[in-house]
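Asks: Got a structure here, written out as structure tokens. Questions coming.
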Amino acid sequence: MCKGIIYLWGLLTLLDTGGGNTTLAQSTQTAPAGTDVLTLNKALELARSNYPSLRGKLANIRAAEADAQVTNLRFLPQAGLQAQALNATSNQVRGAYVSNGGLLLPISGVRTDGFNNRAAFTSGLSMVVDWEAVTFGRRQARRDQARLAVEQTQADYEGELFTHQVRVCDAYLLALNAQKAVALQTANLQRAQELQRIIRASTAGGLRPGIDSAVTNAEVARARLQVLESQQLAQQQVLRLTELVGQPNPTARLDSLVFYNQLPRLPLSPGSNPALHPQLRVYQKNVDLGRAGETVLRASALPSVSLLGSVQGRGSGIGEQAQADGSFRIDPSPGAGLPLRSFNYIVGVTAIWRPTDLWRTRASIAAQRERVSANQQAYEQQALNLQAAGQNAVLQLQLAQARAEQAPIQLDAAKQAFIQSQARYESGLDNIQALTQTSALLNRAEVDQALVTNSVWRALLLRAATIGDLDSFFQQLPR
């Protein structure tokens, strides 16, 4: 989620420097027949369904939901069935021993007739039902922890989705700006070519010096290079946009230039509760999840009370009673040892408590408390970053609005200067250098007009991103 804050600061930096390279533009190549126009809404929908990182976040949600289901099932009564058929000897000595994890298997029964290596079949069948009925809050603590884990993954997804939507919107605006720049550079090339045609005719008739024709040729070549450069950079910008929607395509067609027909209403309404910001909720859920883990640790040191029930049967090929000589009859056949002969049942309550866990969990709780504190500080840091980004966004929005008010004035003045310079040149009062300078001034004013209009929309997007409410941006989109 730190990437979201970093992205916002990067967007602020681009706005500070005027909105990026003025030559970024979309290729003017005609899209293949049947190619759909990529609108902003469609781009956002494609990104939601196709972008791998978002799909990964959704998989994390499903995994957390499955883990929560497992946690709930663990508190249901546990039933186990066991059946066994063995062929073994029955020698045993009196005295205790420790199994040590099952490495030494028990042999039941004590023989009174010495040792006998003859083997016999034995069988066993049992069913055990165990239910941890009283957990002293441990059950609810683990359920709360599982629920918060699901909420944390959901908040993580929502925060990533929010950040990615901002990326897509910004990339779309830049791609539209690139498309507009190509149109402006193409218009500039057409002006230069028209001037070239007129001056060629004048120089051919001896009315103009040959240097004028050479200068216009150079201007046409420069204008053509600007168009080619803008087309190249435009393909890169469109490729970046389509990569963000999960379908890289440098020739994708974008929506019309309606963004340049109107400016958004300013200013935005005040932001909502900062704690509800999608990029902050995940940090808050991390804090809540950490506190739930602390509760689980506290409950883990408490006793547990379980209800236990079992029925079992045993069979053996060894006789139950000693014979007259003190030995036990051994029948090695499966028919004598496998059928069940004795049956037992168990019903009762078991209680387990390890007082030494109190010392172990005390250290674990202290460590968990520090992790919660670290998560809380991370939350405070991100809240501080968003607060600063929001204040900067307001300044950028005000600056973009001021620039948008001045750009039309500059463009009108540049048009008048070009018209007057062209008239003075045609009447012989100005040279070709003055005319090319005013032509370049007009081209720059046209590009600046498009840039400042686009920068207002991008500043609006940035403000919406910092307050955590993209609806305030979407509601002002041109219809």
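According to this note's numbering, the residues represented by the sequence shown are 4 to 482, in order.
C-beta: ideal position from N, C-alpha, C; glycine also.
#1: On the three-pair Cβ rule with 8 Å, is the region 330-350 touching the region 282-296?
#2: What does the Cβ neighbour count give for residue 30, buried or exposed, with the cut at 16 atoms within 10 Å?
#3: Under 8 Å by Cβ, that's how I've got residue 67 and residue 156 pegged, so tell me the actual separation to the nearest angstrom.
#4: Quickly, what does DSSP pair residue 398 with across the bridge? List them, please.
#5: From residue 264 to residue 480, what distance separates their C-alpha atoms?
#6: If you pair each beta-carbon of the region 291-302 with each one of the region 132-147, do three or more pairs fall below 8 Å?
#7: Please report the straight-line C-alpha distance between residue 191 and residue 450, rounded to a whole angstrom.
#8: Are residue 291 and residue 151 close, meaning C-beta to C-beta below 8 Å?
#9: When you compare only the Cα positions, how much space is there between residue 478 and residue 45?
#10: My understanding is that residue 123 touches residue 333, with C-beta atoms under 8 Å, so please give their C-beta distance in whole angstroms.
#11: Work out the CA separation of residue 169 and residue 24 for me, nearest whole Å.
#12: Quick check on the DSSP output: what are the complete alpha helix (DSSP H) runs of length 4 or more inside the region 277-349, in order along the chain?
#13: For residue 3, does the count of other Cβ atoms within 10 angstroms reach 16, so buried, or fall short, so exposed?
#14: So for residue 265, helix, strand or coil by DSSP?
#15: Looking at the structure shown, is residue 49 part of a helix, part of a strand, or coil, going by DSSP?
#16: Near residue 348, which residues of its chain fall below 7 Å by C-beta distance, leaving aside the five closest residues on each side in sequence?
#17: For a test of the three-state rule: what should DSSP assign to residue 32, helix, strand or coil?
#18: Based on Cα-Cα distance, which residue from 49, 470 and 467 lies nearest to residue 244?
#19: Figure out for me which residue from 375, 439, 351 and 467 has the closest Cα to the Cα of residue 399.
#20: Is residue 133 near the ligand ZN, going by C-beta to nearest heavy atom under 7 Å?
#21: Return the Cβ separation of residue 234 and residue 185 in integer angstroms, given the expectation that the two are a contact with Cβ distance under 8 Å.
#22: How is the alpha helix (DSSP H) around residue 460 delimited, first residue to last?
#23: Using only alpha-carbon positions, find the residue among 459, 352, 295 and 376 that is nearest to residue 140.
#24: With contact counted as at least three CB pairs below 8 Å, one residue from each stretch, are the region 76-84 and the region 117-136 in contact?
#25: Can you tell me whether residue 356 is helix, strand or coil according to DSSP?
#26: Just to confirm before moving on: does the CB-CB distance between residue 253 and residue 236 stay below 8 Å?
#27: Is the Cβ-Cβ distance between residue 177 and residue 240 less than 8 Å?
#28: Between the Cα of residue 40 and the Cα atoms of 325, 258 and 102, which residue gives the shortest distance?
#29: Could you tell me which of 455, 53, 446 and 154 sits nearest to residue 248, measuring between CA atoms?
#30: Using a 10 Å radius around the Cβ and a threshold of 16 neighbouring Cβ atoms, would you call residue 353 buried or exposed?
#31: Under DSSP, the beta strand (DSSP E) around residue 132 begins and ends at which residues?
#32: Contact between the region 406-415 and the region 376-384: three or more CB pairs below 8 Å?
#33: Going by beta carbon distance, what residues of the same chain come within less than 7 Å of residue 448, once the five residues before and after it are set aside?
#34: Can you tell me whether DSSP reads residue 94 as helix, strand or coil?
#35: According to DSSP, is residue 477 part of a helix, a strand, or is it coil?
Replies: Let me spell this out:
#1: no
#2: Walking along the sequence shown from the start, residue 30 turns up at place 27. Any reading at residue 30 must be qualified, since the residue scores a pLDDT of 34, below 50, and its modelled position is unreliable; no value is offered.
#3: Looking up residue 67 in the sequence shown gives position 64. Looking up residue 156 in the sequence shown gives position 153. Confirmed, about 4 Å.
#4: Counted from its first residue, the sequence shown places residue 398 at position 395. Answer is none; residue 398 lacks a bridge partner.
#5: As a working note, residue 264 is residue 261 in the sequence shown. As a working note, residue 480 is residue 477 in the sequence shown. For residue 264 and residue 480, the distance between alpha carbons rounds to 11 Å.
#6: yes
#7: Residue numbering aside, residue 191 sits at position 188 when the sequence shown is read from its first letter. Residue numbering aside, residue 450 sits at position 447 when the sequence shown is read from its first letter. Spanning the two alpha carbons is a distance of roughly 10 Å.
#8: Residue 291 sits at position 288 when you count from the first residue of the sequence shown. Residue 151 sits at position 148 when you count from the first residue of the sequence shown. Yes. Within cutoff.
#9: In the sequence shown, residue 478 corresponds to position 475, counting from 1. In the sequence shown, residue 45 corresponds to position 42, counting from 1. Spanning the two alpha carbons is a distance of roughly 16 Å.
#10: Along the sequence shown, read from residue 1 onward, the residue named residue 123 stands at position 120. Along the sequence shown, read from residue 1 onward, the residue named residue 333 stands at position 330. That belief holds up - the Cβ atoms of residue 123 and residue 333 are roughly 5 Å apart, short of 8 Å.
#11: The residue you call residue 24 lines up with position 21 of the sequence shown. The residue you call residue 169 lines up with position 166 of the sequence shown. With a pLDDT of only 42 at residue 24, under 50, the local geometry of the prediction cannot be trusted, and the value read off the model is given with reservation. Cα to Cα, the separation comes out at about 20 Å.
#12: 281-303 and 337-340
#13: Limits of the chain in this structure are 4 at one end and 482 at the other, which puts residue 3 out of reach.
#14: Sequence index remark: in the sequence shown, residue 265 carries index 262 (1-based). Here residue 265 sits in coil by DSSP.
#15: Locating residue 49 in the sequence shown gives position 46, counting from the first residue. Three-state DSSP puts residue 49 in a helix.
#16: Position 345 of the sequence shown, counted from the first residue, corresponds to residue 348. Answer for residue 348: 313 and 314, listed in chain order.
#17: In the sequence shown, the residue the question calls residue 32 occupies position 29. Note that residue 32 scores 37 on pLDDT, short of 50, meaning its location in the model is unreliable and no value can be drawn from it.
#18: By 1-based counting over the sequence shown, the position of residue 244 is 241. The shortest Cα separation from residue 244 among 49, 470 and 467 belongs to 49.
#19: Taking the sequence shown and counting its residues from 1, one reaches residue 399 at position 396. Ranking the options by Cα distance to residue 399, first place goes to 467.
#20: In the structure shown, the ligand ZN is absent, as is every other ligand, since no ligand is present at all.
#21: Here residue 234 refers to the residue found at position 231 of the sequence shown. Here residue 185 refers to the residue found at position 182 of the sequence shown. Rounded, the Cβ-Cβ distance is 6 Å, consistent with contact.
#22: Taking the sequence shown and counting its residues from 1, the one referred to as residue 460 is at position 457. That run of the alpha helix (DSSP H) goes 435-470.
#23: Taking the sequence shown and counting its residues from 1, one reaches residue 140 at position 137. Of the listed residues, the one whose Cα sits closest to residue 140 is 295.
#24: yes
#25: Indexing the sequence shown from 1 puts residue 356 at position 353. Coil.
#26: In the sequence shown, residue 253 corresponds to position 250, counting from 1. In the sequence shown, residue 236 corresponds to position 233, counting from 1. Cβ atoms of residue 253 and residue 236: not closer than 8 Å.
#27: For the purposes of this step, residue 177 is taken as the residue at position 174 of the sequence shown. For the purposes of this step, residue 240 is taken as the residue at position 237 of the sequence shown. Against a cut-off of 8 Å, the Cβ pair of residue 240 and residue 177 comes out as a contact.
#28: In the sequence shown, residue 40 corresponds to position 37, counting from 1. Looking at the Cα atoms, 258 is the closest of the given residues.
#29: Walking along the sequence shown from the start, residue 248 turns up at place 245. Among 455, 53, 446 and 154, the Cα nearest to that of residue 248 is on 53.
#30: Indexing the sequence shown from 1 puts residue 353 at position 350. Counting Cβ neighbours within 10 Å, residue 353 comes out exposed, since fewer than 16 surround it.
#31: Position 129 of the sequence shown, counting from 1, holds the residue named residue 132. Where residue 132 is concerned, the enclosing beta strand (DSSP E) stretches over 123-137.
#32: no
#33: Numbered from its first residue, the sequence shown carries residue 448 at position 445. Counting only Cβ-Cβ distances below 7 Å, and skipping sequence neighbours, we find 413, 414 and 417.
#34: As a first step, residue 94 must be located in the sequence shown, where it is residue number 91. Looking at residue 94 - three-state DSSP - the assignment turns out to be coil, as it is neither helix nor strand.
#35: Your numbering for residue 477 matches position 474 in the sequence shown. In this structure, residue 477 counts as helix in the three-state DSSP scheme.
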